[in-house]
Amino acid sequence: METDVSAELVRETGTSMEAIIRHLNGSLPDWLPGYRLKILDGNAIGASEHRLKPLRDCNSAPLPGQSLVVLDPSLMLAIDVFPCEDAHAL
Numbered sequence: 483m484e485t486d487v488s489a490e491l492v493r494e495t496g497t498s499m500e501a502i503i504r505h506l507n508g509s510l511p512d513w514l515p516g517y518r519l520k521i522l523d524g525n526a527i528g529a530s531e532h533r534l535k536p537l538r539d540c541n542s543a544p545l546p547g548q549s550l551v552v553l554d555p556s557l558m559l560a561i562d563v564f565p566c567e568d569a570h571a572l
């Protein structure tokens with residue numbers, strides 16, 4: 483899946499789920515009243531193993547990647563993501 487498609491999927495899903503959570507009054511109290519706090523967290527994705535049988539004889543492996551995810555703690559919901567295919571590009 484392309485990184486742009488993955489990022490847009492997270493954004494669209496986050497927007498839809500935020501509306502549902504707020505409609506159901508399911509949000510948590512603000513950590514800092516009067517501010518919309520967001521948490522940024524990163525993840526380094528290593529090259530994957532060849533777990534699928536058709537790929538076991540393949541010598542190539544996907545490049546490692548990185549991603550930054552934006553979490554809204556009052557919704558406990560990932561609202562945005564910034565994936566990078568090549569970890570060496572950052």
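Its first residue numbered 483, the sequence shown is counted upward by one per residue in the numbering used here. Note that CB positions come from ideal geometry on N, CA and C, so glycine has one too. These numbers come from a predicted model, not from an experiment.
- Judged by DSSP in its simplified three-state form, L510 adopts coil rather than helix or strand.
- For the pair D486 and K520, the CB atoms are not nearer than the 7 Å cut-off.
- When DSSP reads this structure, A526 sits in a beta bridge with Q548.
- Counted as a single uninterrupted DSSP element, the stretch harbouring L557 is not any alpha helix (DSSP H), since DSSP gives it neither H nor E.
- Listed in chain order, the non-local C-beta contacts of I561 below 6 Å within the same chain comprise G496, V552, D554, local neighbours out to five positions each way being set aside.
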